Amino acid sequence: MRARLLLLLVLVFGLGQAAEANSMYPLDSAKQDAQFQHLLKALRCLVCQNQDLADSNAGLAKDLRDQVYQMVKDGESDSDIIRYLSSRYGDFILFDPPVKAVTALLWYGPAVFLLLGLLLFWRISFKRSAS
Amino acid sequence: MNNIKIWRLLPFVIFTLLVFFFWRGLSLDPKKLPSVQLGQALPDFRLPLLNDPGKDLTPANLRGRVALLNVWASWCAACVDEQGFLMKLAGQGVPLFGLNYKDDPEQARAWLTEWGNPYQMIGSDAAGKVAIDLGVYGAPETFLLDARGVIRFRHVGVLDDVSWTRDFLPRIRQLQEES
Chain A
86 MRARLLLLLV LVFGLGQAAE ANSMYPLDSA KQDAQFQHLL KALRCLVCQN QDLADSNAGL
146 AKDLRDQVYQ MVKDGESDSD IIRYLSSRYG DFILFDPPVK AVTALLWYGP AVFLLLGLLL
206 FWRISFKRSA S
Chain B
189 MNNIKIWRLL PFVIFTLLVF FFWRGLSLDP KKLPSVQLGQ ALPDFRLPLL NDPGKDLTPA
249 NLRGRVALLN VWASWCAACV DEQGFLMKLA GQGVPLFGLN YKDDPEQARA WLTEWGNPYQ
309 MIGSDAAGKV AIDLGVYGAP ETFLLDARGV IRFRHVGVLD DVSWTRDFLP RIRQLQEES
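Here it is, written out as structure tokens:
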């Protein structure tokens, strides 16, 4: 019973791993393979929004995976592929929003708030000790 | 002394700001993504017509007047909810075009016989490539196109009376005044 369960586990997870690794998307070089895997992790599935393209089983995610695969295979760069997708789906498809005027507060806000907090702390305790 | 009091109010001001943003965030729908395609011309495409695969649907067919491009599929449950309203629009003479998204043509035709066909022409996008170019991430989606074939508005989800009168009618009126 236990052996059978183990076998089942090995089959389920082992096969899953193998399928995910290479057989579905064969690429010429290890470099392209790394690029493909890295892009899939950086891109959001738009249907199930908290999954990346690598994990999602949605139909659209599969289409986008195929698209990214084709572009990687054609030797296009990360920035080309990301531009292709974000010009269609917007920056939301990227897990890391690009630094732009609109996203400046998002990127630098925490530092600004930290400074503000320090300033406030300094002012209050300074004034208190002075009086 | 007065100076200190103003400084001490700052956390409260920040707190109020945060509450405002969180409160607004509650009423935002994360499923509704802004379209980056607004103000851009339709991507170039050539799709076989669903009812006449020998002929094609191209952006040229959609130009010449304000038109709607509706992305639908027979596997899409919400598309059934929308169909009644689309039939009504077609009855009013609104130029409606269909993009059959990742569908089996046979099933799509059967679906139209069952629920009615409000479209003037339907392009069959079996591979979903044109949908990717349009930034479609679900069905149904409806695009409002001006006479030059530029995308002016995109509605995600079921098109109903509420969104029609709120989002579409004012824009259509404005576009017709412009031309």
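Chains as they are written, first to last, in the numbering used here: chain A, 86 to 216; chain B, 189 to 367. Glycine included, every Cβ here is placed at the ideal spot set by N, Cα and C. Quick caveat, the model's predicted, so the values are computed rather than measured.
To the nearest angstrom, how far is it from the Cα of residue i to the Cα of residue j?
{"i": "B/Ala278", "j": "B/Ile339", "result": "20 Å"}
{"i": "A/Val197", "j": "B/Val207", "result": "19 Å"}
{"i": "B/Asp355", "j": "A/Leu131", "result": "23 Å"}
{"i": "A/Gln122", "j": "A/Ala139", "result": "8 Å"}
{"i": "A/Asp137", "j": "A/Ala127", "result": "7 Å"}
{"i": "B/Ser312", "j": "A/Pro182", "result": "34 Å"}
{"i": "A/Ile167", "j": "A/Gln152", "result": "11 Å"}
{"i": "A/Arg208", "j": "B/Leu214", "result": "35 Å"}
{"i": "A/Lys116", "j": "B/Glu365", "result": "55 Å"}
{"i": "B/Ala265", "j": "B/Trp299", "result": "11 Å"}
For residue i, which beta-bridge partners are listed by DSSP?
{"i": "B/Phe210", "result": "In DSSP, B/Phe210 forms no bridge with anything."}
{"i": "B/Ile339", "result": "B/Leu333"}
{"i": "B/Ala255", "result": "B/Leu333"}
{"i": "B/Met309", "result": "B/Phe285"}
{"i": "A/Arg129", "result": "A/Asp137"}
On a CA-only basis, which of the options is nearest residue i? Give me that one, please.
{"i": "B/Glu294", "options": "B/Asp334, B/Asn249, B/Asp240, B/Leu256", "result": "B/Asp240"}
{"i": "A/Leu149", "options": "B/Ala265, B/Gly252, B/Ala315", "result": "B/Ala315"}
{"i": "B/Trp263", "options": "B/Ala319, B/Leu245, B/Tyr289", "result": "B/Tyr289"}
{"i": "B/Leu363", "options": "B/Leu235, B/Pro328, B/Phe341, B/Val346", "result": "B/Phe341"}
{"i": "B/Pro306", "options": "B/Leu226, B/His343, B/Gly326, B/Cys267", "result": "B/Cys267"}
{"i": "B/Arg336", "options": "B/Val201, B/Gly227, B/Gly213, B/Phe209", "result": "B/Gly227"}
{"i": "B/Leu347", "options": "B/Asp269, B/Thr301, B/Arg234, B/Ser215", "result": "B/Asp269"}
{"i": "A/Gln134", "options": "A/Phe180, A/Asp165, A/Met156, A/Tyr169", "result": "A/Phe180"}
{"i": "B/Ala261", "options": "B/Phe203, B/Leu245, B/Ala296, B/Leu235", "result": "B/Ala296"}
{"i": "B/Glu302", "options": "B/Leu287, B/Ala327, B/Met275", "result": "B/Met275"}
{"i": "B/Phe273", "options": "B/Phe203, B/Phe331, B/Trp352", "result": "B/Trp352"}
Below 8 Å on the Cβ atoms is my guess for residue i versus residue j; work out the distance and round it to an integer in Å.
{"i": "B/Phe285", "j": "B/Gln271", "result": "Their Cβ separation, rounded to whole angstroms, is 15 Å, which puts B/Phe285 and B/Gln271 out of contact at 8 Å."}
{"i": "A/Asp118", "j": "A/Leu112", "result": "5 Å"}
{"i": "B/Leu333", "j": "B/Leu221", "result": "With 8 Å as the limit, B/Leu333 and B/Leu221 do not qualify as a contact, their Cβ atoms being about 19 Å apart."}
{"i": "B/Val259", "j": "B/Gly323", "result": "Not quite, the Cβ-Cβ distance comes to about 11 Å (not below 8 Å), so this is no contact."}
{"i": "B/Leu237", "j": "B/Ile320", "result": "Incorrect: roughly 20 Å between the Cβ atoms, too far for contact."}
{"i": "B/Glu329", "j": "B/Val318", "result": "Rounded, the Cβ-Cβ distance is 12 Å, inconsistent with contact."}
{"i": "B/Trp195", "j": "A/Leu205", "result": "6 Å"}
{"i": "B/Leu235", "j": "B/Leu250", "result": "Their Cβ separation, rounded to whole angstroms, is 12 Å, which puts B/Leu235 and B/Leu250 out of contact at 8 Å."}
{"i": "A/Trp178", "j": "A/Ser171", "result": "The sequence as given places Ile at residue 178 of chain A; Trp does not occur at that position. Right, the Cβ-Cβ distance comes to about 6 Å (below 8 Å), so this counts as a contact."}
I'd like to know if residue i contacts chain D, where contact means its C-beta is closer than 7 Å to some C-beta of that chain.
{"i": "A/Gly194", "result": "Protein chains A and B are contained in the structure displayed, whereas chain D is not."}
- [ ] Mind checking the region 304-331 of chain B against chain A and listing, in chain order, the residues whose C-beta falls within less than 7 Å of any C-beta there?
- [x] Gly316, Ile320, Asp321, Gly323, Tyr325, Gly326
Open item on the list: Short of 8 Å Cβ to Cβ, which residues in the region 135-162 of chain A face chain B?
Closed with: Gly144, Leu145, Asp148, Leu149, Gln152
- [ ] Check distances from the C-beta atoms of the region 200-225 of chain B to those of chain A and list, in chain order, the residues that come in under 7 Å.
- [x] Pro218, Leu221, Pro222, Val224
Task: Residues from the region 166-192 of chain A in contact with chain B, defined by Cβ distance under 7 Å - done: Ser172, Arg173, Tyr174, Gly175, Phe177
Task: Selection of the region 197-216 of chain A by Cβ proximity to chain B, strictly under 7 Å - done: Leu205, Arg208, Ile209, Lys212
Task: Residues from the region 273-290 of chain B in contact with chain A, defined by Cβ distance under 8 Å - done: Lys290
- [ ] Using a Cβ-Cβ cut-off of less than 8 Å, give me the residues of the region 237-264 of chain B that come near chain A, in sequence order.
- [x] none
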